[in-house]
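Working notes for the structure below.
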Amino acid sequence: MEELMQHLGKIKIPKQTDKIYKDECVYSFDTPDSPTGLYVSLATFLGLGQDHVLHYYRLTHNPVFLHIKRTKKEIVPDQKGDGPDKKITRLAIGTSGGFTPDQQKYTYHEEYKIVILPQFTEISYPREGLPAQVELSVKLILDSDSALKVAETETLSGTWDGEIKAVTKHAKTLKQLDNGIKIPPSGWKCEKCDLRQNLWLNLTDGSILCGRKFYDGTGGNDHAVEHYRNTNYPLAVKLGTITKEGKADVFSYDENDMVEDPNLIEHLAHWGINITQMEKTDKSMVELELDLNQKFGEWVALQEAASKLTPLYGAGYTGLANLGNSCYLNSVMQMLFAIPDFIKRFVDGAPYIYKQNYTDPANDFNVQMSKLGVGLLSGRYSVSPLSNTDDDSRQGIPPRMFKNLIGRGHPGFSSNRQQDAQEFFLQLINILDRNSRHQVNPTQCFKFKVEERYQCTSSGKVKYTYRPEYILPLPIPLEAAINKEEVAAYEALKKETEANGQKVNPNAFVRPRIKLMSCLETFIQPEIVEQFYSTALNEKTTAQKTTRLATFPDFLLLHLKKFTMKENWSPVKLDVAIEMPDVIDLSSLRGLGLQPGETLLPDISGSDPPSPVYDRKILSDLTDMGFPQEACKRALYFTDNRGLEAATNWVMEHIGDSDIADPFVPPGIDVKTGTDKFVPNDNALATVMSMGFTKEQAIKALKATNNNLERAADWIFSHQVELDDGESDAGYSDDIFRDGSTQYKLVGFISHMGTSSMVGHYVCHLLKNNRWVIYNDDRVALSENPPKELGYIYLYQRIE
């Protein structure tokens, strides 16, 4: 006790604004459940594992800690009860109502001690006679919400986590016709066909029509959505999902999402529906999606669920716990930390994190990347169990701090909704770029230069442009399927079976099979560019555009564009099998630059070309639909402002383009200055400058955040020193491109199961030590049948 009294000046009482890290070490994945427990500083409230606490003390001279040790005890069978198995109600993994790996099987007990460094002197807690300052500090630490819980609450604020739906904008203004229609309590049928299931009541005119057709052929015949296109009546409720509590599936066609209608009871009463007499008889959209995804098919194949997989443990075989639909993050991070550039930067160089400021390491991106890398590759958190039971074989670390940090300020990645792994990878690339100042940027191993050649059809002269990319998006040409006869036979069988009122055996499903080379040939196929400004003519004409790769990176990521739009604008995932070779030669993609006999289009001389003119009314209507502003500008330019319908059709046809949301530059016009490839968004630039920053500072912030105004504002306030001293971007260059052989071998792939990138599940397969390994969240195992043909993102390594 006397030793404790000497350090009372170092002990602080937590304030409401203080962050208390009592769940997990800020530098490792040690927790109170770890064998050595967790040490919480009574000076800074940082949580530290035993491997870090002594070093922290030597640097900060803060000696007093609250030690938390938690033990678990298995609940004996008679305490569990013999109730029914938990029903899956959400298309998610690791969240309430979703696919949870285990039910609650343990009770937990926590023990506390006051520990004084450097001798690790222990004082039991609770204990009479403790100084009031220590007593109050410890009590508030234990009673307060942890920093992790607070951060998760803040990032989820205002987002839809899969349970909470946004309130429709039509709730108060919905028009309902007085046409005398009254809806009976049962016996419903589609007004356009004979379907009696998957029926939707339009809340404006009382029509009852069938819903969309699902990817397996079940569902409806799209009559409800066709009715919306003809009438613009926005809200429909799914009959059979209405409950006595006034809940139901409500879809808003113009908002393109499931919504909450707080006036649903009144809207239903208009059509004579008394909810007190309603019983739920039809499956909700979530239940239907679950049925589809739990069928024998890609869920079984991609997770290799039909095989008894052998678990793997040790260095490089640590899983990542699913933090509520975070499997997209888990798959991408497993893939990145299999690459030498990332290991060298964040794992081999991990000791540099001790040089960081100790104020809040949980919010330092480099620290959290190192923490994650060391956690995955050290083997410390992947130890083979003593028993062979399924419960004991589970292993993995939860990337809570990393997920909170990486998703901050992003409406999608901060939520608990499933996200697109490809979009997350690009988001991570931007963040890594911003945090690689004065250090080697590990993303350069992916970076390649795309060459675009334009040939003016009127003058015959050419123009070459170049841009950096990190992932190669490949179209999927269904017409190139090598098993067209088998697919046609299946479609005929399905049509005949359904006509007889029977269901098609899902095991009979035949996927179109397409060779990777067909995708590559489609990618490099020439295309005609309309509205091309020819500097040889000083007017618009057409041009032929061809795309090649000017450089080939160490690791080439291929993104198969499986998510597209049907003719009725409804999203669909192409359920295809792409034959991915283990070794491939990509020499046909090599760009050669200006060739003998070619004449370059002249530079713009004299007055600048006329700036594009956009119809402000159409532009406003398009952006109100939720399309990116730069995409809307493209649509108006290429449709000559002909009208909203033409522009909307253009956007929907090009929504999958990789540059759809990039700052729009009319084809043929070069706005680059020197080597600067960045073009700031005019509106965002004006907004940042209105905060009192110079144009150069505003451009720097927008460049660092890829023209994201919200993140640019946050960036500019957190980089004041760099802005004030005019610090340059020394440390990495936009113009560094590695290049080499066009021979590649397949070393990894990420697969997606589900009908949309926003639902379902992701898994990762990696080639390690000449054997394939599956990373399925916190389960890591030897892969017996890697489903190479069903992947979504593929990782190829160059063969020197």
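Start counting the sequence shown at 1; every next residue gets the next number (the UniProt record's numbering).
In this text, a Cβ means the ideal position worked out from N, Cα and C, and glycines have one as well.
Predicted model only: the values in this text are computed from it and were never measured.
What is the rounded straight-line gap between the Cα of residue i and the Cα of residue j?
i           : j      : result
ALA481      : SER331 : 29 Å
ALA536      : GLY591 : 24 Å
LEU201      : GLU784 : 48 Å
GLY246      : ALA661 : 40 Å
PRO126      : LEU136 : 11 Å
ILE406      : ASP51  : 25 Å
ILE11       : LYS169 : 52 Å
ASN649      : VAL53  : 60 Å
LEU372      : ALA321 : 12 Å
HIS55       : ALA781 : 35 Å
TYR466      : PHE523 : 16 Å
CYS193      : GLY211 : 11 Å
ASP261      : ALA631 : 31 Å
residue 807 : GLU491 : Because the chain spans 1 through 800 in this model, residue 807 falls outside it and cannot be assessed.
TYR770      : THR551 : According to the sequence displayed, residue 770 carries Asn and not Tyr. About 28 Å.
PRO680      : VAL665 : 11 Å
MET580      : ILE750 : 13 Å
ASN430      : LYS703 : 10 Å
ALA684      : THR694 : 13 Å
Taking the alpha-carbon of residue i as reference, which of the options has the nearest alpha-carbon?
i           : options                           : result
ARG779      : GLU191, ASN769, GLY791 and TYR762 : TYR762
PRO612      : ARG453, LEU336 and TYR637         : TYR637
VAL347      : LYS19, TYR27 and LYS189           : TYR27
ASN256      : GLY272, ILE273 and ASN232         : ASN232
PRO473      : TYR454, ARG467, ALA489 and GLN422 : GLN422
GLY145      : ASP640, GLN16, SER378 and THR204  : A small fix is needed here, since residue 145 is Asp in this sequence, not Gly. Selected option, being the one with the closest Cα: GLN16.
HIS752      : LEU560, LEU619 and PRO667         : LEU560
VAL250      : GLY272, ALA224 and ARG229         : ALA224
THR204      : LYS182, ALA704 and ARG196         : LYS182
ASN538      : GLY668, ASP194, TYR108 and LEU235 : GLY668
PRO596      : ALA686, LYS69, ASN708 and LYS461  : LYS461
ILE343      : LEU644, ILE655, ASN441 and GLN303 : ASN441
ILE68       : TYR57, CYS519 and HIS109          : HIS109
THR71       : TYR56, THR60, THR36 and VAL64     : THR36
GLU128      : LEU767, MET1, ALA315 and GLY501   : MET1
residue 804 : PHE413, ASN263 and GLN439         : This structure gives no information on residue 804, because the portion of the chain shown stretches from 1 to 800.
LYS768      : ALA338, PRO468 and GLU496         : ALA338
Does residue i come out as helix, strand or coil in the three-state DSSP assignment?
i      : result
ASN202 : strand
LEU594 : coil
LYS745 : strand
PRO442 : helix
ALA543 : strand
GLN629 : helix
CYS210 : strand
PRO311 : strand
PHE29  : coil
CYS193 : coil
GLN418 : coil
PHE737 : coil
PHE555 : strand
TRP650 : helix
VAL383 : coil
GLY47  : strand
Report yes if the CB atom of residue i is closer than 8 Å to the CB atom of residue j, and no otherwise.
i      : j      : result
SER382 : TYR313 : yes
LEU48  : LEU66  : no
GLU451 : LEU549 : yes
GLN368 : THR457 : no
TYR470 : LYS449 : no
ILE584 : LEU493 : no
HIS7   : ILE114 : no
ILE123 : PHE45  : no
LEU589 : LEU644 : no
GLN418 : ILE736 : no
LEU239 : LEU199 : yes
ALA248 : VAL259 : no
TYR454 : PHE563 : no
GLY396 : GLY316 : no
PRO118 : TYR57  : yes
Within the present structure, is the beta-carbon of residue i separated from the nearest heavy atom of the ligand MG by less than 7 Å?
i      : result
GLY206 : Judged by which ligands are present, the structure shown has none, so any question about the ligand MG falls away.
Whole alpha helix (DSSP H) elements within the region 105-189, 4-residue minimum: Every alpha helix (DSSP H) of 4 residues or more that sits fully in the region 105-189 is shown, in chain order, as 132-143 and 147-156.
Complete alpha helix (DSSP H) runs within the region 453-482 (minimum length 4 residues, chain order): Correct list: empty.
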